[in-house]
Amino acid sequence: MEHLAEVPEPRTGRYIAHPLDEILVIAVCAIFAGAESFVEAVEWAEVKEAWLRRFLPLKNGIPSHDTVNRVFRLLDPKQFENAFRSWTQGLLGSFQQIAIDGKCLRGTARGAHSPVHMVSAFATELGLALGQEKVADKSNEITAIPALLAALDVEGCLVSLDAMGCQKEVAKTIVARKADYLLAVKENQPKLRQAVACALHDHPTERVASAQKGHGRTVLQHVVTARADGIVDAQAWPGCQTVGRVDSVRLDGRGQSALEQRYYLSSRALSAEELAQAVRRHWAIENGLHWCLDVIFREDNCPLREDHGPQNFALLLKFALNLLRSSPYQAKKSMRVRRKRAGWDDEALAELLGMSPL
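Structure follows, in structure tokens:
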């Protein structure tokens, strides 16, 4: 937990009753205990005060939920993010692909105000969140993606994005950072999509097919690739080497089928099998990050709606998720069960968070 001590105190004044690191530790612990708001977090802390005093001075007792709420509203999200990335860097092993995708925090919508939208980066092989960037009001993911890329070490990685990220400037930014891009091409790039579709229909260079069964359905996949030479404008899309199409047919238990075709371009020379694998890895962000945050950590119930609160709360949940993912604690069990067991077992929670007795 020493990385939390790196976050600068956002409050001013001569007297601060509850130190920032105590508030952050209480918030993280309470999330594992199932708290979905700071009211619940404080209730948990009051019940567990004797246990918390083994690790924290708590000279002025447990902070009120208003204090915790105010701290998360004031906390500089960039400074909090820096501490998160510094800590995550120590967890990282070898990985080759970073998936970037956006998500709304539905619970932050109120009245005429739209919900807060976050763009997140995810190490697909490790299942770890790498960072996030809030989409500015009255803007979209296109402006947040370059800012997120600038904060990450992407050198040597394949950076995959859905259609919103299929922008020339995004491709140039990725290549400038000594990484490769894999971009989904949809209707937002009609001329590019048509050129890629025609080339793959007329001059495919490699094909691969596969079938996967699970959850009561079968997914048949057919992938074709071709060299991008003469198909894609090399100045607009720097270093582009591969174009590809992924055809997916989903068959449910009643024999009903649905066909989906997706087109891609990449600055890396990918075989059909490599493209298929990279696309599967990209969609790991849906189940490995978005689903876990929604279903296990109830991110859409975010209790904060003002100032930096939603952004900081979203990062707090990613901190908890990475803690679980990187720990061997009950590793064979589901993430839902692991979170609950950590919340039930005081000693396991202390070990998970690296908390040392005073």
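Per the working numbering, the very first residue in the sequence shown carries number 8; after that it's consecutive. In this text, a Cβ means the ideal position worked out from N, Cα and C, and glycines have one as well. None of these values were measured; they are calculated from a predicted model.
- Inter-segment contact for the region 150 to 164 and the region 180 to 192 is present: three or more beta-carbon pairs are separated by less than 8 Å.
- When the beta-carbon positions are compared, Gly100 and His124 stay at least 8 Å from each other.
- Around the beta carbon of Arg113, a 10 Å sphere encloses fewer than 16 other beta carbons of the protein chains shown; the residue is thus reported as exposed.
- Taking the Cα of Trp290 as reference, the smallest distance to any Cα among Asp169, Arg252, Ala178 is reached at Asp169.
- With fewer than 16 other Cβ atoms inside 10 Å of its own Cβ, Tyr22 counts as exposed.
- Ser167 has its alpha-carbon roughly 20 Å from the corresponding atom of Leu207.
- Look at Ile105 here: in three-state DSSP terms it is strand.
- In the DSSP annotation of this structure, Ala34 is not part of any beta strand (DSSP E); the continuous alpha helix (DSSP H) holding it starts and ends at 27 to 39.
- With a cutoff of 8 Å on beta-carbon distance, Ile238 and Ala106 are scored as not near each other.
- Between the alpha carbons of Ala321 and Thr212 lies a gap of roughly 43 Å.
- Within the region 243 to 291, the complete beta strand (DSSP E) segments of 3 residues or longer fall at 249 to 259, 264 to 273, listed in chain order.
- Here Lys66 is exposed: its Cβ has fewer than 16 other Cβ atoms, across all protein chains shown, within 10 Å.
- Note that the C-beta distance between Leu296 and Ala285 is not below 8 Å.
- Contact between the region 38 to 58 and the region 72 to 91 is present: three or more C-beta pairs spanning the two stretches fall below 8 Å.
- Asn329 sits buried, since 16 or more C-beta atoms from the chains shown fall within 10 Å of its C-beta.
- Annotated as distal: Pro17 and Leu63, with beta-carbon spacing of 8 Å or more.
- For Gly350, the secondary structure class from DSSP, reduced to helix, strand or coil, is helix.
- Contact annotation: the region 30 to 44 touches the region 335 to 350, with at least three C-beta pairs closer than 8 Å.
- Under the three-state reduction of DSSP output, Gly295 falls in the helix class.
- Secondary structure remark: continuous beta strand (DSSP E) runs of at least 3 residues inside the region 118 to 206, in chain order: 123 to 130, 135 to 141, 165 to 168, 187 to 192.
- For Lys325, the enclosing alpha helix (DSSP H) stretches over residues 316 to 333.
- In this structure the region 224 to 237 lies against the region 251 to 261, because at least three pairs of beta carbons, one per stretch, are closer than 8 Å.
- Counted as a single uninterrupted DSSP element, the beta strand (DSSP E) harbouring Ser217 occupies residues 213 to 221.
- With respect to the 8 Å criterion, Ala338 and Phe304 are not classified as neighbours on the basis of their beta carbons.
- Beyond the five residues adjoining it in sequence on each side, Cys111 comes within less than 6 Å, by CB distance, of Pro122, His124 in the same chain, given in chain order.
- Within the same chain, Cβ atoms closer than 6 Å to the Cβ of Asp28 are found at Leu11, Ala12, the five residues on either side in sequence being excluded.
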